[in-house]
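A.B. asks:
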Amino acid sequence: MRVITGKARGVALKTPDGLATRPTADRVKEALFSIIQFDIPGAAVLDLFGGTGQLGIEALSRGAKCAVFTDEREDACRLIRENLKRTKLDAHAKVLRSDYMAYLRTCREKFNIIFLDPPYAEVFLENSLKMITEIDILQTGGIIVTERPVGKELLCEFPGYKRSKDYKYGKTLLAIYRKE
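Be aware that the sequence shown starts at 1262, since it is given in the numbering used here, and climbs by one per residue.
1) Need the endpoints of the beta strand (DSSP E) that Y1364 sits in, please.
2) Can you grab the Cα-Cα spacing for the pair V1289 / A1320, in whole Å?
3) Could you check whether T1285 and L1316 sit closer than 9 angstroms to each other, using their CB atoms as the reference points?
4) Which value, in whole angstroms, describes the spacing of the CA atoms of D1351 and A1337?
5) Does the contact criterion of 3 or more C-beta pairs under 8 angstroms hold for the region 1409-1426 versus the region 1385-1400?
6) In whole angstroms, give me the CA-to-CA distance for A1436 and I1393.
7) Considering only the beta carbon of each residue, do R1358 and E1343 sit closer than 9 angstroms?
8) If I1204 sits next to L1274, beta carbons under 8 angstroms apart, how far is it from one beta carbon to the other, in whole angstroms?
9) Have a look at P1420 and Y1438 and give me their C-alpha separation to the nearest angstrom.
10) Which runs of the beta strand (DSSP E), 3 residues or longer, sit entirely within the region 1291-1329?
11) Buried or exposed, going by whether 16 or more other CB atoms sit within 10 Å of the CB of F1299?
Next up, the structure:
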């Protein structure tokens, strides 16, 4: 796993041992960042299920202004901090150990891009997407990027949000919701 382009291009990111974290495949990450490339410069980013931090780190490398990473596991937060140091992007980032719903309930920041790549087997994606569209933490014109396995359905519409088509990469689906 590596940073694809930008300030930290080519830097290898550490990955966790075990199966508690499922990093986004490089091929999917390349496709995702190709889709959202014009939304990144100057953006405030939330990587809600941080894991390794690779999505938020890629955004920072490509010119995002700042990023907040959350994960409920301390080992994941340590890994994100280590990867931020490896890429020399830690000055533009904040890493918080928090359950995703607890973070969303207390969040007062506004973001331009929110990455949602939670554990596939759980209902975290559906719950976080519903909560984010109900609270006001996404800037007008901002995007929510979702990653899920083929076969997992998501609601197509939320009031004030428009959903893109699904982008399929192997067994992975990406969809983007834009705040109107």
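We put the CB at the ideal spot given by N, CA and C, even for glycine.
C.D. replies: Checking against the coordinates, here is how it stands:
1) Y1364 -> not in any beta strand (DSSP E); alpha helix (DSSP H) instead, spanning Y1361 to T1367.
2) 14 angstroms
3) yes
4) 15 angstroms
5) yes
6) 15 angstroms
7) no
8) Residue 1204 lies beyond the stretch modelled for the chain, which goes from 1262 to 1441, so this question has no answer here.
9) 11 angstroms
10) 1305-1308
11) exposed
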